[in-house]
Structure formats: structure tokens, C-alpha cells
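Below you'll find the structure, written out as C-alpha cells, and then a few comments.
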Amino acid sequence: MMKERRQNKGNPREYKRIQCIIKQEIRKAKEKELLEKCREIEHNQNMHDDFNVYRKVREVTRKDHRNNCKPLVNEAGEIIIDAEKKKEAGKTYLEELFHDVRKKQKPNIGEGPEILVDEVKAAISESSWSEPNKDWIPKVTERR
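Numbered by our numbering, the letters in the sequence shown go through residues 2 to 145 in order.
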């Protein structure tokens, strides 16, 4: 069919007709292959063969893992090859990405009442860690 399609490249009507037939055959073949894989999965499930079930499911659901790496380009659209320029481009990208437009706030240092030594001693004496044993495990008190 492929040869026949190539021969009729000058005749658009016949070319389209053959192209439609080829596409139908491809769809049928893909459907048949998918059904066969599903039957294999069901058979493996019935045999309690989990390893092959997961392997076949991964084959059926796997997306095409092609290398989709794109070259690094600068603002002008030129490809960056130099390592130092790549570092600089990464730095500018991150600066733009995390650019903070909020106003800088002054830290709240020294505001509020001071903590008294007596308050610290009272908090320590009330805690379960006040008298640790040799293992530094807190005392367990029973409350009923």
C-alpha cells in the first residue's frame, strides 16, 4: 500500500483515498495490539504473577521518554555555550523568578516586656524536665 500511495502522489484524490485506508489499518493494528496486551495482563493477574502484571501495565501506559532537552538561550535568543555565561543566565533567571516586590520590614527587636529571671526559673521548675535522670528521659507522672 505504501508503494501504491507513493505512485499516486501526483493524483491527490487517489492519494487521499489510499492514505485513509492506511490510517484505518494502522488504527486497527494498534487496537489489536492493545487488546492482546490487555489479555496478557488479565492472564498474568489470573496466574497471580504481579511482577509481569506491573511490567505489562508500564508498557501499555508508558509515555514516550524522548530527550526533550532544549538549548539554553539568552534574552536575545542566542544559544549559550560558554559555562560562565550559562551560570550567569541561570543566576538572572532565578533573580527574575524570585524577585520580591514587597517592602522590607524592620525586625521587632527590643519591643515588648523583658523576660524576668524569676519567670524562667518558674517555667523550669514546672516542667517535667526539671529533674532529669541519668538518661535525660523525663519523669512520667501518673494522673488519675
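Cβ atoms here follow ideal geometry from the backbone N, Cα and C, with glycine treated the same way.
query                                                                                                                       : result
Tyr16 versus Lys24, Ala77 and Arg6, residue with shortest Cα-Cα distance                                                    : Arg6
Which residues DSSP lists as bridging Ile80, in chain order                                                                 : Val74
Through-space distance from Glu115 to Lys122, alpha-carbon basis                                                            : 15 Å
Endpoints, alpha helix (DSSP H) assigned at Gln46                                                                           : Pro13 to Asn47
Residue environment, Lys57, which counts as buried when at least 16 other CB atoms sit within 10 Å                          : buried
Nearest-angstrom beta carbon gap, Val61 and Leu95 [assumed within contact, 8 Å]                                             : Their Cβ separation, rounded to whole angstroms, is 39 Å, which puts Leu95 and Val61 out of contact at 8 Å.
Coil, strand or helix - Val102 by DSSP                                                                                      : coil
Close beta carbons around Asn53, own chain, < 6 Å, minus the five adjacent residues each side                               : Asn45
Other residues of its chain near Ile42: CB distance less than 7 Å, five sequence neighbours each side excluded              : Val54, Lys57 and Val58
Thr1 versus Arg28, Glu76, Asn109 and Gln106, residue with shortest Cα-Cα distance                                           : There is simply no residue 1 to check, as the chain begins at 2 and stops at 145 in what is shown.
Straight-line gap, Arg28 to Gly78 (C-alpha atoms, nearest Å)                                                                : 40 Å
For Arg56, the first and last residue of its enclosing alpha helix (DSSP H)                                                 : Asp51 to Thr62
Beta-carbon contacts of Pro72 that lie in its chain and below 6 Å, excluding the five residues immediately before and after : Ile80
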